[in-house]
Structure formats: C-alpha cells, structure tokens
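2 protein chains.
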Amino acid sequence: MELQLVNERRRGPYAAKRLSEFAARCRRGGLAVTPQRLAIIKALLGSGEHPRADAIFAAVRIQHPHISLATVHRTLETLCDIGEARKVTTLHDSARYDGNMIPHHHVVCVKCRRIRDIEIPRLDRILAGQSELGEFTVLGSSLEIQALCEDCAAKRANRTRKPRR
Amino acid sequence: MELQLVNERRRGPYAAKRLSEFAARCRRGGLAVTPQRLAIIKALLGSGEHPRADAIFAAVRIQHPHISLATVHRTLETLCDIGEARKVTTLHDSARYDGNMIPHHHVVCVKCRRIRDIEIPRLDRILAGQSELGEFTVLGSSLEIQALCEDCAAKRANRTRKPRR
DNA sequence: AACCAGATGATAATTATTATCACCTAGGTG
DNA sequence: CACCTAGGTGATAATAATTATCATCTGGTT
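Just so you know, the protein sequences line up as chains F and R, in that order. According to my numbering, the first sequence is numbered sequentially starting from 643. According to my numbering, the second sequence is numbered sequentially starting from 643.
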C-alpha cells in the first residue's frame, strides 16, 4: 500500500517531546518564551484537527481569558517561521485558478508567489490506483512544492551578503 | 528525473481545443453559454500565470467594460464545478495549522473539510532527492488529496436517492 | 531592581469573497 | 419570429479572515 492514514496514537508522546523542547527552540529562534506562546503551541500540539486560528483562540481562552485573537494569528505565523508549525493550506492570500485540466502539480515561489506547472508521472500513477483511503473516497489531489525562484533567491542572497546595520 | 517543469509550448493548441469544446461542455453541464463565460474561460486558458480573480477581471474588462467582479468570482467557481478549471489553492476559507512537523501529507473532505494526516514514504523519497527544479530551489512540499469522508458520502447518497422535486 | 526590545491587547483597516436583488438575456416554445 | 422564463449579470452591501497600528506591558538580561 502506497498511501496510509497516520496512526493517531503516536501523537501524545510526540507532543510531549515537542513541548519540552519548545522553550529552547524559541530562544534559538530569538524569541521570548511567553505564556501566550506556550499556551498556543500546547493547544496546537494537542489537537489532531488541523485547527483554524479561531479554534486555537477558543481553546487558549479558557486558561488565558485576556488573550487577543491578533496574538493568536501573529503567534501561529511566528511558529511557522521558526519551523514549529506549518500551514496546511494557502500560501496565497487569494484563490488562484488554473485552466489546465491535464493532471499536473505546482511549484510555488514562497516569496513572489509565481507558480509553474510540473509533472510527476510516477506520483500520478500512485494516486490513480488509490480510490479509497480509510474512510475517505478519493476525488483528486494536488501536490504543491514550496520553493524559491531564481530572482527571489538572488535578491535574498544580496540581502544576506550585506545585512544593513 | 522524477519531477519536471511542464513545457509551456503545448498550451496554445490545448487552449484552442478546450475553447472549441466549451459551448458543448456548458450545455452538458446545464449552463447557458454567455459572452461573459466565454471571455472568462478564454482569459483563463490564455494565461499560464495561474491568475487570481482580479487578474481575470482586468483582462476581461478590456473587451467587456461592463463586466462585474462578482461575475468573475462566480464564473470561476462555476467553471471549477463543471470541471473546466481548478483552484490551485485553498479548499478552505481560512488558514489551518498543523503542529506535526514529521513529513506527511493530508486528505481533506471537500464537504465538511475534515483533515486527516497520511504518509506516502515513496513520495517523500522522491521529493527528498530533488533540491532543484529548473530555476526553483525546493524548500518543502505538501500533497493534498481531495476526498469525501464516510459521513458526507452517506449524506450525499441520501440526497441522490431521493432528490426533492 | 531597573531597563528595553520585543510582545501583547484592543481596535481599526484592509481585502477577498459571498449574498442580495432588480434587471436582463440565452435559448427553448408556441 | 415574437414571447417566456429560468437562470445569469451588474451594482452594491455584507461578511469574515487577516493584518496594521499603537499604547501598554513584560521576559530576560544587566
């Protein structure tokens, strides 16, 4: 079997480990360890639901009634920046459409958001053979590769070479 | 080579073919063939940029100065419904986060938007070996499988069995 | 204990998308 | 070919997620 649902049981120990390392990882990323950040990462690691910002907000509010929704949004983005979380969806701020209905996938520049089509015949073959996945009936799929395009890589290199100070 | 950028040259003939079949496909989908819809699919097929609604709006406006932005949004969604276009991003109306940083992918129910993690070790192996892709430097990737969960499939079956009339 | 860069809370601003509704038109019907 | 009507459109308001702003607060270092 090529595709399989992830075993949920592994989540507990994994979350505990991640949580115990969190303070150290914040400091490594140059971030202060605040009660809000702890509460947010805890809520995120404790959820298998791929929650939205407002769900995290609701969960965290129980212990931190004064926390602001803006803080939750900001913190989740920050966590993604230091590699403590990832966004399941949308690298883009608005929907993008594609008229090409031939099966294909996408590379997206995370900086300028340019998109190029790519083909991965072997992946399409794997997916074509899989119409059921646990309790799900497969309808379609799309692979998105996050990348840096030439132009943006060049710009970034310039900035790295001579950081303003 | 497992992954490769799609050759752009193929787009012209492909677009011409799709365009010539468009009216028939609309009727098959029970849709009227309006000048607006024609203009929008034409703009979409003519673009390799995976455009946003507002870009399509700008393009179409040149020939149809009175078209409404709402029509463009509506039409693009309609085109997706009848399989004439697809959304490159965001099945969701808001961002969703994941605390699990172990490489994995997602199945999403297109109805209730429930998400489950899946593992595809073979895909991860393909991707791990690919740090360059044409002019792009690969940073990460995520596969999203669109599906229908058990519950939503059951609900849909009920509706299909007894369509109200 | 004091300091301050960075974090937070409160709120306003922004922006993509959807809803509403009066009017219009594609495409069948007599 | 003129007419009819379900469905489509334009204009605009409403909604809702996210981001910006800014005064205040605090983690962590001195």
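Glycine residues also receive a C-beta, built at the ideal position from the N, C-alpha and C atoms.
**Prompt:** Nearest CA to the CA of residue 694 of chain F: which residue from F:672, F:723, F:729, F:746?
**Reply:** Among F:672, F:723, F:729, F:746, the Cα nearest to that of residue 694 of chain F belongs to F:729.
**Request:** Reducing DSSP to helix, strand and coil, say where residue 759 of chain R ends up.
**Result:** Residue 759 of chain R carries a strand assignment under DSSP once its states are collapsed to helix, strand and coil.
**Request:** With a threshold of 16 other CB atoms inside 10 Å of the CB of residue 708 of chain F, please say whether the residue is buried or exposed.
**Result:** Within a 10 Å sphere around the beta-carbon of residue 708 of chain F sit fewer than 16 other beta-carbons, which makes this residue exposed.
**Asked** Among R:759, R:741, R:753, which one has its Cα closest to the Cα of residue 747 of chain R?
**Response** Here the closest residue by C-alpha is R:759.
**Prompt:** According to the neighbour-count rule (16 or more other Cβ atoms, all chains shown, within 10 Å of its Cβ), is residue 679 of chain F buried or exposed?
**Reply:** Buried, because 16 or more other Cβ atoms sit within 10 Å of the Cβ of residue 679 of chain F.
**Message:** Against chain F, which members of the stretch 764-791 of chain R pass a CB distance test of less than 8 Å?
**Reply:** Those residues of the stretch 764-791 of chain R that come within reach of chain F (Cβ to Cβ, closer than 8 Å) are 764, 765, 768, 769, 775, 776, 777, 778, 779, 780, 781, 782, 783, 784, 785, 786, 787, 788, 789, 790, 791.
**Message:** Tell me which residues share the same chain as residue 749 of chain F and place their Cβ nearer than 6 Å to its Cβ, disregarding the 5 neighbours each side in the sequence.
**Reply:** For residue 749 of chain F, where only same-chain residues beyond five positions count, the Cβ hits under 6 Å are 758, 760, 787, 789.
**Request:** My understanding is that residue 726 of chain R touches residue 768 of chain R, with C-beta atoms under 8 Å, so please give their C-beta distance in whole angstroms.
**Result:** The pair is not a contact, with the Cβ atoms about 30 Å apart (cut-off 8 Å).
**Prompt:** Touch check for the stretch 769-778 of chain R and the stretch 736-744 of chain R: three-plus C-beta pairs under 8 Å?
**Reply:** Taking one beta carbon from each stretch, the stretch 769-778 of chain R and the stretch 736-744 of chain R have fewer than 3 pairs nearer than 8 Å; the two do not touch.
**Message:** Am I right that residue 731 of chain R and residue 734 of chain F are in contact with their C-beta atoms under 8 Å? What's the rounded C-beta distance?
**Reply:** About 5 Å separates the two Cβ atoms, so the contact holds.
**Item:** Proximal residues to residue 711 of chain R (C-beta, below 8 Å), its chain only, five neighbours per side dropped
**Value:** Counting only Cβ-Cβ distances below 8 Å, and skipping sequence neighbours, we find 695, 696, 699.
**Request:** Determine the burial state of residue 717 of chain F: buried for a count of at least 16 other Cβ atoms within 10 Å of its Cβ, exposed for fewer.
**Result:** Buried, by the Cβ-count rule.
**Request:** Mark residue 657 of chain R as exposed unless 16 or more other C-beta atoms lie within 10 angstroms of its C-beta, in which case mark it buried.
**Result:** Flag for residue 657 of chain R reads buried.
**Request:** Thinking residue 673 of chain F and residue 713 of chain F are a contact (beta carbons under 8 Å), I'd like their distance in whole angstroms, please.
**Result:** Wrong, their Cβ atoms sit about 13 Å apart, outside the cutoff.
**Asked** In terms of DSSP beta bridges, what is residue 738 of chain R paired with?
**Response** The partner list for residue 738 of chain R (beta bridge, DSSP) reads F:694.
**Message:** Against chain R, which members of the stretch 722-734 of chain F pass a CB distance test of less than 9 Å?
**Reply:** Cβ contacts with chain R come from 722, 725, 726, 727, 728, 729, 730, 731, 732, 733, 734.
**Prompt:** For residue 681 of chain R, is the classification buried or exposed, using 16 other Cβ atoms within 10 angstroms of its Cβ as the cut-off for buried?
**Reply:** The residue in question, residue 681 of chain R, is buried, as its Cβ has 16 or more Cβ neighbours within 10 Å.
**Asked** Is residue 673 of chain R helix, strand or coil when you go by DSSP?
**Response** When DSSP states are grouped into helix, strand and coil, residue 673 of chain R belongs to the coil group.
**Any chain F beta carbon closer than 9 Å to residue 655 of chain R** = No, because no Cβ of chain F sits closer than 9 Å to the Cβ of residue 655 of chain R.
**Message:** If you measure between the beta carbons of residue 783 of chain R and residue 785 of chain F, is that distance less than 9 Å?
**Reply:** For residue 783 of chain R and residue 785 of chain F, yes; Cβs fall inside 9 Å.
**Request:** Look at the alpha carbon of residue 792 of chain F and the alpha carbon of residue 705 of chain R, and state the distance between them as a whole number of angstroms.
**Result:** Spanning the two alpha carbons is a distance of roughly 35 Å.
**Request:** Show which residues of chain F have a CB atom less than 9 Å away from the CB atom of residue 593 of chain R.
**Result:** The first residue shown for chain R is 643 and the last is 807, placing residue 593 of chain R beyond what the model contains.
**Asked** Should residue 705 of chain R be counted as a contact of the ligand PLP given a C-beta to heavy atom distance under 8 Å?
**Response** By its list of ligands, the structure shown contains no ligand whatsoever, and the ligand PLP lies outside what it can speak to.
**Asked** Leaving out five residues before and five after residue 701 of chain R in sequence, what residues of the same chain have Cβ atoms less than 6 Å from its Cβ?
**Response** Within the same chain, 685 come within 6 Å of residue 701 of chain R by CB-CB distance, once the 5 residues on both sides are set aside.
**Asked** Which of the residues in the stretch 685-698 of chain F, read from start to end, lie with their CB under 7 Å from any CB of chain R?
**Response** Contact residues of the stretch 685-698 of chain F toward chain R are 686, 687, 692, 693, 694, 695 (C-beta to C-beta distance below 7 Å).
**Request:** On a CA-only basis, which of R:687, R:772, R:651, R:670 is nearest residue 762 of chain F? Give me that one, please.
**Result:** Residue 762 of chain F has its Cα closest to that of R:772, out of R:687, R:772, R:651, R:670.
**Asked** Which whole-angstrom value describes the C-beta separation of residue 754 of chain F and residue 794 of chain F, a residue pair presumed to lie in contact below a C-beta threshold of 8 Å?
**Response** About 5 Å separates the beta carbon of residue 754 of chain F from that of residue 794 of chain F, a gap short enough to meet the 8 Å contact definition.
**Item:** According to DSSP, residues forming a beta bridge with residue 654 of chain F
**Value:** In the DSSP assignment, no residue is bridged to residue 654 of chain F.
**Message:** Using a Cβ-Cβ cutoff of less than 8 Å, which residues in the same chain neighbour residue 690 of chain R once the five nearest sequence positions on both sides are dropped?
**Reply:** In its chain, beyond the 5 residues on either side, 650, 653 have a beta carbon closer than 8 Å to the beta carbon of residue 690 of chain R.
**Message:** Contact criterion: CB-CB distance below 9 Å. Does residue 703 of chain F meet it with respect to chain R?
**Reply:** No, residue 703 of chain F does not count as interfacial toward chain R.
**Item:** For residue 662 of chain F, the three-state DSSP class (helix, strand or coil)
**Value:** Helix, per DSSP.
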